[in-house]
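Chemist: Numbering (the numbering used here), first residue to last: 1189 to 1286. Encoded as C-alpha cells, here's the structure I'll be asking about.
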Amino acid sequence: MGYVSVELADFLFQIEKGVNPAPTILAETIISLNSIRKKGDRRFLGCAQLLFVWMKSHFRCLYKHFCQVFVPSTRPIEEFLESEWPPNQSIQEFRGLR
C-alpha cells in the first residue's frame, strides 16, 4: 500500500473548499523548472504555456511582442530566440544554460 503526503492531502482539502488550484500548480511547476535549470538538466517535458511563463520570469526582453500574453497560435520559443536583447545580455548565454 502507498501513502498520501501531508502536502497532497492539504491540496485536496483546499480544492474541496473551492480554492482555485491553478496558482499552486503553476508555482510548483516554476519551482521544478528552476530546479532543472540549477541541476543542469537540458530537457523539460511540459506544456508551452508554462515554459512561456517561466521564460518571461527569468529573461529580460526588449521585444514588446514577446512580452504579451501567451496565445496558443503563437510560437513563444521562436519569438524568444528572435527577440531583441539588451546590449550587455546575449541570447548565446541562455542557449547553453547548464
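Glycine included, every Cβ here is placed at the ideal spot set by N, Cα and C. Remember, it's a predicted structure, so these values are computed and weren't measured experimentally.
(1) Rounding to the nearest angstrom, what Cα-Cα distance links residue 1212 and residue 1191 in this structure?
(2) Return helix, strand or coil for residue 1205, following the three-state DSSP convention.
(3) DSSP three-state label for residue 1193, please.
(4) Look at the alpha carbon of residue 1225 and the alpha carbon of residue 1214, and state the distance between them as a whole number of angstroms.
(5) Would you report the Cα separation of residue 1195 and residue 1203, rounded to the nearest angstrom?
(6) Quick check: what's the CA-CA separation for residue 1206 versus residue 1228?
Modeler: Well, looking at it:
(1) 21 Å
(2) coil
(3) coil
(4) 17 Å
(5) 12 Å
(6) 37 Å
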